[in-house]
Amino acid sequence: FTAATLAVDNGGNVYVGGCFSDTAQFGATPIVTPATEAAYVLRLDANLDYSSVRIFGAIGTQVVSNIVIANNSLHVRGEFEGNLDFGGGAIANAGGDDGFVAHYALDNTFTHQGSWRFGSTSDEGYGEGLAVRDDGTDIIGGGCNGAFSFGATTLPGTTLDPCVGVMRDGAELASWRWP
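Have a look at this one:
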(Lines of atoms letter the chains of each structure in order from A; the text may use other names.)
(Lines give C-alpha, C1' and ligand atoms only; values in the text may rest on other atoms or scores of the structure.)
Protein backbone atom coordinates (compact mmCIF):
# COMPACT_ATOMS: atom_id res chain seq x y z
CA PHE A 0 0.00 0.00 0.00
CA THR A 1 1.49 3.35 -0.97
CA ALA A 2 0.51 6.97 -0.61
CA ALA A 3 2.80 8.31 -3.32
CA THR A 4 1.42 11.83 -3.81
CA LEU A 5 -0.64 14.46 -2.02
CA ALA A 6 -2.40 17.69 -3.02
CA VAL A 7 -4.66 20.16 -1.21
CA ASP A 8 -7.35 22.27 -2.90
CA ASN A 9 -8.40 25.82 -1.90
CA GLY A 10 -11.20 24.41 0.29
CA GLY A 11 -8.74 22.39 2.37
CA ASN A 12 -9.75 19.01 0.88
CA VAL A 13 -6.81 16.62 0.71
CA TYR A 14 -6.23 14.27 -2.25
CA VAL A 15 -3.99 11.22 -1.81
CA GLY A 16 -2.86 9.00 -4.68
CA GLY A 17 -0.99 5.71 -4.83
CA CYS A 18 -1.62 2.00 -5.24
CA PHE A 19 -2.65 -1.04 -3.21
CA SER A 20 -2.82 -4.80 -3.60
CA ASP A 21 -5.31 -7.29 -2.20
CA THR A 22 -7.71 -5.36 0.07
CA ALA A 23 -7.77 -1.75 1.25
CA GLN A 24 -10.27 0.06 3.40
CA PHE A 25 -11.22 3.61 2.43
CA GLY A 26 -14.06 4.72 4.69
CA ALA A 27 -16.36 1.98 5.97
CA THR A 28 -16.18 -0.49 3.08
CA PRO A 29 -13.20 -2.75 2.31
CA ILE A 30 -12.28 -2.79 -1.39
CA VAL A 31 -10.73 -5.86 -3.03
CA THR A 32 -8.69 -5.09 -6.13
CA PRO A 33 -9.19 -7.16 -9.28
CA ALA A 34 -5.65 -6.23 -10.30
CA THR A 35 -2.17 -7.13 -9.10
CA GLU A 36 -1.98 -3.53 -7.91
CA ALA A 37 -4.82 -1.04 -8.25
CA ALA A 38 -4.35 2.72 -8.31
CA TYR A 39 -6.48 5.04 -6.23
CA VAL A 40 -7.20 8.70 -5.56
CA LEU A 41 -8.65 9.33 -2.10
CA ARG A 42 -10.43 12.56 -1.13
CA LEU A 43 -10.46 13.67 2.51
CA ASP A 44 -12.54 16.68 3.52
CA ALA A 45 -11.10 19.74 5.25
CA ASN A 46 -11.47 17.95 8.61
CA LEU A 47 -9.44 15.04 7.20
CA ASP A 48 -12.46 12.73 7.26
CA TYR A 49 -13.10 10.24 4.45
CA SER A 50 -15.07 11.80 1.60
CA SER A 51 -14.71 9.54 -1.47
CA VAL A 52 -12.29 7.39 -3.45
CA ARG A 53 -11.72 6.59 -7.13
CA ILE A 54 -10.18 3.15 -7.86
CA PHE A 55 -8.39 2.30 -11.13
CA GLY A 56 -7.96 -1.44 -11.39
CA ALA A 57 -8.01 -4.06 -14.10
CA ILE A 58 -5.54 -6.76 -15.06
CA GLY A 59 -1.94 -6.10 -14.06
CA THR A 60 -0.56 -3.10 -12.23
CA GLN A 61 -1.90 0.45 -12.01
CA VAL A 62 -0.16 3.23 -10.07
CA VAL A 63 -0.99 6.89 -9.37
CA SER A 64 2.35 8.67 -9.09
CA ASN A 65 1.43 12.37 -9.13
CA ILE A 66 -1.54 14.65 -8.51
CA VAL A 67 -1.66 18.34 -9.40
CA ILE A 68 -4.56 20.69 -8.75
CA ALA A 69 -4.89 23.38 -11.41
CA ASN A 70 -7.70 25.27 -13.15
CA ASN A 71 -10.32 23.82 -10.78
CA SER A 72 -9.36 20.31 -11.90
CA LEU A 73 -7.51 17.35 -10.46
CA HIS A 74 -4.75 16.22 -12.86
CA VAL A 75 -3.65 12.62 -12.16
CA ARG A 76 -0.49 11.01 -13.61
CA GLY A 77 0.41 7.34 -13.42
CA GLU A 78 1.13 4.06 -15.17
CA PHE A 79 -1.11 1.16 -16.17
CA GLU A 80 -1.16 -2.30 -17.75
CA GLY A 81 -4.08 -3.77 -19.69
CA ASN A 82 -7.09 -1.75 -20.78
CA LEU A 83 -8.38 0.72 -18.22
CA ASP A 84 -11.43 2.96 -17.91
CA PHE A 85 -10.70 6.26 -16.17
CA GLY A 86 -14.34 7.33 -16.53
CA GLY A 87 -14.65 8.14 -20.24
CA GLY A 88 -14.46 4.62 -21.70
CA ALA A 89 -11.67 2.03 -21.83
CA ILE A 90 -8.23 3.12 -23.01
CA ALA A 91 -6.14 0.41 -24.65
CA ASN A 92 -2.60 -0.16 -23.45
CA ALA A 93 -0.05 -0.45 -26.26
CA GLY A 94 2.05 -2.98 -24.31
CA GLY A 95 4.03 -3.17 -21.09
CA ASP A 96 3.48 -0.22 -18.77
CA ASP A 97 1.94 2.83 -20.44
CA GLY A 98 1.62 6.23 -18.83
CA PHE A 99 -1.64 8.11 -18.37
CA VAL A 100 -2.97 11.52 -17.46
CA ALA A 101 -6.58 11.87 -16.31
CA HIS A 102 -8.50 15.00 -15.37
CA TYR A 103 -11.33 15.10 -12.82
CA ALA A 104 -13.53 17.80 -11.30
CA LEU A 105 -12.79 18.79 -7.71
CA ASP A 106 -16.02 17.24 -6.50
CA ASN A 107 -17.00 14.33 -4.31
CA THR A 108 -17.67 12.02 -7.29
CA PHE A 109 -14.48 12.63 -9.34
CA THR A 110 -16.42 13.71 -12.43
CA HIS A 111 -14.31 12.67 -15.43
CA GLN A 112 -13.08 15.51 -17.67
CA GLY A 113 -10.69 13.58 -19.93
CA SER A 114 -7.98 10.91 -19.95
CA TRP A 115 -5.07 10.03 -22.24
CA ARG A 116 -2.35 7.40 -22.54
CA PHE A 117 1.20 7.69 -23.78
CA GLY A 118 3.89 5.12 -24.46
CA SER A 119 4.57 2.30 -26.92
CA THR A 120 4.86 -1.49 -26.97
CA SER A 121 7.70 -1.47 -24.39
CA ASP A 122 7.56 -0.65 -20.68
CA GLU A 123 7.57 3.10 -20.31
CA GLY A 124 5.92 5.96 -18.53
CA TYR A 125 8.35 5.61 -15.63
CA GLY A 126 8.54 8.50 -13.23
CA GLU A 127 6.29 10.92 -11.51
CA GLY A 128 6.84 14.17 -13.37
CA LEU A 129 3.70 16.27 -13.85
CA ALA A 130 3.27 20.03 -13.96
CA VAL A 131 0.29 21.99 -15.25
CA ARG A 132 0.33 25.43 -16.87
CA ASP A 133 -2.38 28.02 -16.23
CA ASP A 134 -4.02 27.13 -19.56
CA GLY A 135 -4.40 23.46 -18.51
CA THR A 136 -1.46 22.13 -20.52
CA ASP A 137 0.08 19.03 -18.92
CA ILE A 138 3.88 18.76 -18.88
CA ILE A 139 4.88 15.15 -18.26
CA GLY A 140 8.32 13.88 -17.31
CA GLY A 141 9.60 10.38 -16.93
CA GLY A 142 11.60 7.65 -18.55
CA CYS A 143 10.93 5.98 -21.86
CA ASN A 144 12.23 2.56 -22.87
CA GLY A 145 12.50 1.87 -26.60
CA ALA A 146 10.52 3.85 -29.17
CA PHE A 147 8.08 6.12 -27.34
CA SER A 148 5.20 8.44 -28.19
CA PHE A 149 3.20 11.14 -26.44
CA GLY A 150 0.91 11.23 -29.48
CA ALA A 151 1.89 12.38 -32.95
CA THR A 152 5.68 11.98 -32.76
CA THR A 153 7.55 8.73 -32.09
CA LEU A 154 10.82 9.31 -30.24
CA PRO A 155 13.30 6.62 -31.35
CA GLY A 156 15.47 4.84 -28.82
CA THR A 157 16.61 1.48 -27.52
CA THR A 158 17.45 2.18 -23.87
CA LEU A 159 15.76 3.76 -20.86
CA ASP A 160 16.18 7.50 -21.42
CA PRO A 161 14.69 10.62 -19.84
CA CYS A 162 11.81 12.13 -21.81
CA VAL A 163 9.38 15.03 -21.52
CA GLY A 164 6.05 15.51 -23.27
CA VAL A 165 3.69 18.46 -23.45
CA MET A 166 0.00 17.63 -23.97
CA ARG A 167 -3.24 19.59 -23.98
CA ASP A 168 -6.54 17.69 -24.05
CA GLY A 169 -4.72 14.55 -25.17
CA ALA A 170 -2.93 16.17 -28.11
CA GLU A 171 0.86 16.23 -28.17
CA LEU A 172 2.23 19.76 -28.42
CA ALA A 173 5.92 18.87 -28.09
CA SER A 174 8.19 16.07 -26.90
CA TRP A 175 11.88 15.53 -26.18
CA ARG A 176 14.16 12.63 -25.39
CA TRP A 177 17.84 12.61 -24.57
CA PRO A 178 20.38 9.91 -23.67
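Heads up, the final residue of the sequence shown is numbered 178 in the working numbering, and it's a clean run with no missing numbers.
All C-beta atoms, glycine included, are put in the ideal place defined by N, C-alpha and C.
As the structure is a computational prediction, the values presented were derived from the model and not from experiment.
{"Item": "Who are the Cβ neighbours of Ala-91 in its own chain at under 7 Å, not counting the five residues just before and after it?", "Value": "Asn-82"}
{"Item": "My guess is that Phe-109 and Ser-51 are in contact by the Cβ rule of under 8 Å, so how many angstroms apart are they, rounded?", "Value": "7 Å"}
{"Item": "Identify which residue in Glu-171, Ile-66 and Leu-129 has its Cα closest to the Cα of Thr-4.", "Value": "Ile-66"}
{"Item": "Closer than 8 Å by C-beta to Pro-33: which residues in its own chain qualify, once you throw out the five before and the five after it? Chain order, please.", "Value": "Gly-56, Ala-57 and Ile-58"}
{"Item": "Please return the same chain residues whose Cβ sits closer than 6 Å to the Cβ of Gly-26, not counting the five positions on each side in sequence.", "Value": "Tyr-49"}
{"Item": "Residues in its own chain within less than 8 Å of Thr-152 by CB, not counting five upstream and five downstream?", "Value": "Glu-171 and Ser-174"}
{"Item": "Would you kindly work out how many angstroms separate the C-alpha atoms of Ile-139 and Gln-24, rounded to a whole number?", "Value": "30 Å"}
{"Item": "Cα-Cα, which of Val-15, Pro-29 and Tyr-14 is closest to Asp-21?", "Value": "Pro-29"}
{"Item": "Between Val-40 and Arg-76, which are expected to be in contact by the criterion C-beta below 8 Å, what is the C-beta distance as a whole number of angstroms?", "Value": "At roughly 11 Å, the Cβ-Cβ gap does not stay under 8 Å, so Val-40 and Arg-76 are not in contact."}
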